[in-house]
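In our numbering, the protein residues as written are 1 to 93.
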């Protein structure tokens, strides 16, 4: 949880910048700043997912979660994921 706090501060600052600062900039600077904010925000969300995964792993190691391991057909799962991604890609050209 100690990792989430500074990351949440960064995300809050980004939201503030998007809401109050970006609109006051010139058009050429606005596009550049908006693109950089988008990139920073995307990486913050990646870090949040990573932190969540780390917390889950420590809970698994500590015995808070019970794993129900099963065998699955990996080929069909990958095919389903690929097909769903392909449909999304086609819709976005």
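Glycine is no exception: its CB is placed at the ideal position from the N, C-alpha and C atoms.
Quick caveat: nothing in here was measured; it's all calculated off a predicted structure.
Apart from sequence neighbours up to five positions away, the residues of its chain that approach residue 11 with a beta-carbon distance below 6 angstroms are 44, ordered along the chain. Contact between residue 48 and residue 7 holds: their C-beta atoms lie close to 6 angstroms from each other, under 8 angstroms.
Residue 64 carries a coil assignment under DSSP once its states are collapsed to helix, strand and coil. Nearest to residue 14 by C-alpha distance, out of 70, 37, 88 and 69, is 37. Straight-line spacing of the CA atoms in residue 71 and residue 79 works out to 17 angstroms.
Assignment of residue 87 by DSSP, reduced to helix, strand and coil, places it in the helix class. DSSP, read as helix, strand or coil, puts residue 52 in helix.
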